[in-house]
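**Q** Dropping a structure here in structure tokens format, bear with me for questions.
2 protein chains.
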Amino acid sequence: MGVVSETTRQSTVRDRLLAAAVEKLEASGPEALQARPLAADIGASTMAVYTHFGGMPQLLDEVTREGFARFDAELARVPRSDDTIADLLALGIAYRQFALDNPQLYRLMFGLTTPGTRRAKERDLTTEGSPTSVSEGISAFNHLVDAVTRAAESGRIQAEDPVAVAGQIWSAAHGYVLLEITGVFGHEGHGLVRTLQPLIINLLVGLGDTREGIEASLATVFDAGGAARRRSPERR
Amino acid sequence: MGVVSETTRQSTVRDRLLAAAVEKLEASGPEALQARPLAADIGASTMAVYTHFGGMPQLLDEVTREGFARFDAELARVPRSDDTIADLLALGIAYRQFALDNPQLYRLMFGLTTPGTRRAKERDLTTEGSPTSVSEGISAFNHLVDAVTRAAESGRIQAEDPVAVAGQIWSAAHGYVLLEITGVFGHEGHGLVRTLQPLIINLLVGLGDTREGIEASLATVFDAGGAARRRSPERR
DNA sequence: TACCTGTGAATAACAACGTTATGGGAGGAC
DNA sequence: GTCCTCCCATAACGTTGTTATTCACAGGTA
Chain C
6 MGVVSETTRQ STVRDRLLAA AVEKLEASGP EALQARPLAA DIGASTMAVY THFGGMPQLL
66 DEVTREGFAR FDAELARVPR SDDTIADLLA LGIAYRQFAL DNPQLYRLMF GLTTPGTRRA
126 KERDLTTEGS PTSVSEGISA FNHLVDAVTR AAESGRIQAE DPVAVAGQIW SAAHGYVLLE
186 ITGVFGHEGH GLVRTLQPLI INLLVGLGDT REGIEASLAT VFDAGGAARR RSPERR
Chain U
6 MGVVSETTRQ STVRDRLLAA AVEKLEASGP EALQARPLAA DIGASTMAVY THFGGMPQLL
66 DEVTREGFAR FDAELARVPR SDDTIADLLA LGIAYRQFAL DNPQLYRLMF GLTTPGTRRA
126 KERDLTTEGS PTSVSEGISA FNHLVDAVTR AAESGRIQAE DPVAVAGQIW SAAHGYVLLE
186 ITGVFGHEGH GLVRTLQPLI INLLVGLGDT REGIEASLAT VFDAGGAARR RSPERR
């Protein structure tokens, strides 16, 4: 389980098909995920989709699962430090970065997109995140729950119910990111400094931390590497 | 402009087609919006879609526009009182209620769903909210900006840039509502009291109001009518 | 009344999609 | 060698969005 063709030595037809689907999704949108063009991309016939996946819906489920695996891996790369609020902010930045780097994948992951596969078997909204991808989604969410728990334990914020608090932060980040993806915040950067940063700061203030403390933690996040990503515990 | 067949006396083919599309979207999902079944529903031939709309994409644009018009009308029904924070909370409740009552329409409005129309002409993400529906969307958003502006003028919160603050609240509500629609918060009601209410309260605390004041305002909102909707400015 | 014009709708056809049935060919088991 | 079992290519079927063609009918003019 994990990133495409991580275990297999040579690319199998199935792996190449899945990789081509992920790439094509981001390049041309969900409606471009069609059986015939996809198979043609890897030099195979349409039947490959059915022998390896069973059909387009199952292939899309695998794309979703792959997306959650990548998302999980990306969030796992965010380091942990003594500054629990800085860690939380870094997690939020990584969250946004992944969504901005993979907008189509992000929307597909959260069941917000219904690709061409029109003969889909009446997907239910509540079960849309296909069962196979649920575990990966929970794993990604747990990074946030852990960060909230540690922030609460450090005394910076109050979180009797860390899962509920993580749900609040998740809602805020999810909503912001989707609005930014759809372009409502205009050109690059304005949304981040005018909306996401104040939103998270205000939320953390409401959760008990001080504005000064948050801004100090935010400064350390941006100090460490310019691109707002601290790759390893020690400074590079 | 507005709700379907608001001006025309007798239902035209176009109006019936649009109304059937909106109804069918909510009943059977975006992939059910197909030219032939839709035309058959109103007893017409497929050509009606093309003579009146030009094609399925344009019909979907009209559905989106209609959705924003209804959303705007629903938000406009939220009354204004002396308690500006209560008004803001009531607006949030109405926002959530509309999304929960019309989940498919809500997702289509925000470009988060890509219905069957597979031959779509390469929609761009940034321009996905079709131009015709932009004005209605802005109108709906302005209700929130107004409420924030009034709350700032009343001194309850600090909002130097009301549009930016409205964007923060919008992000939080949008993200929560989408997560609730996809079912991540479990069964009815838990998400609201465990996530949305604390989220908005914490955010408003971060914006300068006191927790006690917010909870008092929230109580007045729920007092006035049980269903959390105050129909007229004066208390009933 | 007779005639022209234009708009709207039905019929039929076309290309492309997801899917399924059929058949062939490569690689191991005995 | 012979058989068995997967994969995969080919071809077909039903359905989709779309377009071309044709027809019907309402309204104005002589």
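Going down the list, the protein sequences come from chains C and U. Residues in the first sequence are numbered from 6 upward in steps of one, following my numbering. Residues in the second sequence are numbered from 6 upward in steps of one, following my numbering. The beta-carbon is built from N, C-alpha and C at its ideal position, and this holds for glycine as well.
#1: Kindly indicate which three-state DSSP category Pro-62 of chain C falls into: helix, strand or coil?
#2: Rounded C-beta distance between Leu-47 of chain C and Val-83 of chain C? I'm assuming under 8 Å.
#3: For Val-153 of chain C, which residues from the same chain have a beta carbon less than 6 Å from its beta carbon, with the 5 sequence-adjacent residues on both sides left out?
#4: Between Thr-56 of chain C and Ile-143 of chain U, what straight-line distance do the alpha-carbon atoms span, to the nearest angstrom?
#5: Checking contacts by CB at 8 Å: is Ile-90 of chain C closer than that to chain U?
#6: Where does Ala-125 of chain U sit, in a helix, a strand or coil, going by DSSP?
#7: In the DSSP assignment, the alpha helix (DSSP H) including Pro-167 of chain C goes from what residue to what residue?
#8: Are Ala-81 of chain U and His-148 of chain U close, meaning C-beta to C-beta below 8 Å?
#9: Is the Cβ of Thr-215 of chain C closer than 8 Å to any Cβ of chain U?
#10: Strictly below 8 Å CB to CB, what residues from chain U border Phe-4 of chain C?
#11: Can you find a C-beta in chain U that's less than 8 Å from the C-beta of Pro-167 of chain C?
#12: Pick from U:Asp-77, U:Leu-38 and U:Leu-209: whose alpha carbon is nearest that of Asp-66 of chain U?
#13: Less than 8 Å between CB atoms is the rule here; does Leu-105 of chain C satisfy it with respect to chain U?
#14: Can you give me the Cβ contacts of Ala-224 of chain U inside the same chain, cut-off strictly under 7 Å, excluding the 5 residues immediately before and after it?
#15: State whether the segment 185 to 198 of chain U contacts the segment 94 to 114 of chain U, with contact taken as three or more CB pairs (one from each stretch) at a distance under 8 Å.
#16: Determine, using beta-carbon pairs with one atom in the segment 189 to 198 of chain U and one in the segment 206 to 221 of chain U, whether at least three such pairs fall under 8 Å.
#17: Excluding five sequence neighbours on each side, which residues of the same chain lie with their C-beta closer than 7 Å to the C-beta of Glu-79 of chain U?
#18: Between the C-alpha atoms of Thr-215 of chain U and Met-61 of chain C, what's the straight-line distance to the nearest angstrom?
#19: Taking Val-27 of chain C as part of the alpha helix (DSSP H), name the residues at either end of that continuous run.
#20: Compile a chain-ordered list of the residues in the segment 18 to 34 of chain C whose CB is closer than 9 Å to at least one CB of chain U.
#21: Tell me whether the beta-carbon of Glu-141 of chain U lies closer than 8 Å to the beta-carbon of Arg-70 of chain U.
#22: Quick check on Phe-76 of chain C - is its C-beta less than 8 Å from some C-beta in chain U?
#23: Any idea what DSSP makes of Gly-191 of chain C, helix, strand or coil?
#24: What does Phe-73 of chain C touch in chain U if you count any residue whose Cβ is under 7 Å from its own?
#25: Which residues mark the beginning and the end of the alpha helix (DSSP H) in which Phe-103 of chain C is found?
#26: Is the shortest distance between the beta-carbon of Val-210 of chain C and the beta-carbons of chain U less than 8 Å?
#27: Answer with buried or exposed for Pro-42 of chain U, where buried requires no fewer than 16 other C-beta atoms within 10 angstroms of its C-beta.
#28: Compare the Cα-Cα distances from Gly-218 of chain C to each of C:Pro-203, C:Gln-173, C:Arg-161 and C:Thr-200 and report the closest residue.
#29: Just the C-alpha distance for Leu-23 of chain C and Met-114 of chain C, rounded to the nearest angstrom, thanks.
#30: Considering only their Cβ atoms, is the gap separating Ala-91 of chain C from Val-226 of chain C smaller than 8 Å?
#31: Can Leu-94 of chain C and Ser-222 of chain C be called in contact, C-beta distance under 8 Å?
#32: With DSSP run on the structure shown, which of helix, strand or coil describes Pro-42 of chain U?
#33: By the criterion of Cβ-Cβ separation under 7 Å, what are the contact partners of Ser-222 of chain C in chain U?
#34: Is DSSP giving Gln-163 of chain C helix, strand or coil here?
#35: Quick one, which of C:Ala-40, C:Phe-76, C:Ser-33 and C:Gln-173 has its alpha-carbon nearest Arg-101 of chain C's?
#36: So which residues of chain C does Ala-156 of chain U contact, with C-beta pairs closer than 9 Å?
**A** Answer, in terms of the structure:
#1: If DSSP states are grouped into helix, strand and coil, Pro-62 of chain C belongs with the helices.
#2: It is worth fixing the name first, because residue 47 of chain C is Ile in this sequence and not Leu. Taking C-beta atoms under 8 Å as the contact rule, Ile-47 of chain C and Val-83 of chain C fail to qualify, at a distance of about 34 Å.
#3: Ala-164, Pro-167, Val-170 and Ala-171.
#4: Answer to the nearest angstrom: the Cα atoms are 48 Å apart.
#5: Output row for Ile-90 of chain C: interface = no.
#6: Note that Ala-125 of chain U scores a pLDDT of 42, beneath 50, so its modelled location is shaky; the value from the coordinates is reported in the next line. Residue state, collapsed to three classes: coil.
#7: Following the DSSP letters along the chain, one finds Pro-167 of chain C inside the alpha helix (DSSP H) bounded by residues 167 to 186.
#8: Result yes, Cβ atoms of Ala-81 of chain U and His-148 of chain U sit closer than 8 Å.
#9: No, Thr-215 of chain C lies away from the interface with chain U (no Cβ there is under 8 Å from its Cβ).
#10: The structure shown does not extend to residue 4 of chain C, since chain C spans only 6 to 241, so no value can be given for it.
#11: No, Pro-167 of chain C does not count as interfacial toward chain U.
#12: Ranking the options by Cα distance to Asp-66 of chain U, first place goes to U:Leu-38.
#13: Residue-level contact by beta carbon fails for Leu-105 of chain C and chain U, as no gap is shorter than 8 Å.
#14: Contacts found: none.
#15: The segment 185 to 198 of chain U is in contact with the segment 94 to 114 of chain U.
#16: These segments do not touch.
#17: Residues Ala-99 and Phe-103 of the same chain have their beta carbon placed closer than 7 Å to that of Glu-79 of chain U, with the five preceding and five following residues left out of the count.
#18: When rounded, the distance between both Cα atoms is 52 Å.
#19: That run of the alpha helix (DSSP H) goes 18 to 33.
#20: So the list reads Ser-33 and Gly-34, given in the order they occur along the chain.
#21: A contact, by the Cβ cut-off of 8 Å.
#22: Output row for Phe-76 of chain C: interface = no.
#23: Coil at Gly-191 of chain C, not helix or strand.
#24: Ordered by position in chain U, no residue passes the 7 Å Cβ test against Phe-73 of chain C, which lies about 13 Å from the chain.
#25: Start and end: 89 to 106.
#26: Yes - at least one Cβ of chain U is within 8 Å of the one on Val-210 of chain C.
#27: Exposure of Pro-42 of chain U is indicated by the presence of fewer than 16 other C-beta atoms within 10 angstroms of its C-beta.
#28: Taking only the C-alpha atoms, the option nearest Gly-218 of chain C is C:Arg-161.
#29: So the two alpha carbons sit approximately 15 Å from each other.
#30: Val-226 of chain C places its beta carbon less than 8 Å from that of Ala-91 of chain C.
#31: Going by C-beta atoms, Leu-94 of chain C is nearer than 8 Å to Ser-222 of chain C.
#32: Pro-42 of chain U falls in the helix class under three-state DSSP.
#33: Under the 7 Å cutoff, chain U gives no residues; its nearest Cβ is about 15 Å from Ser-222 of chain C.
#34: Look at Gln-163 of chain C here: in three-state DSSP terms it is coil, with no helix or strand label.
#35: Comparing Cα positions, the closest option is C:Phe-76.
#36: Per Cβ cutoff of 9 Å: no residues; Ala-156 of chain U is ~14 Å from chain C at best.
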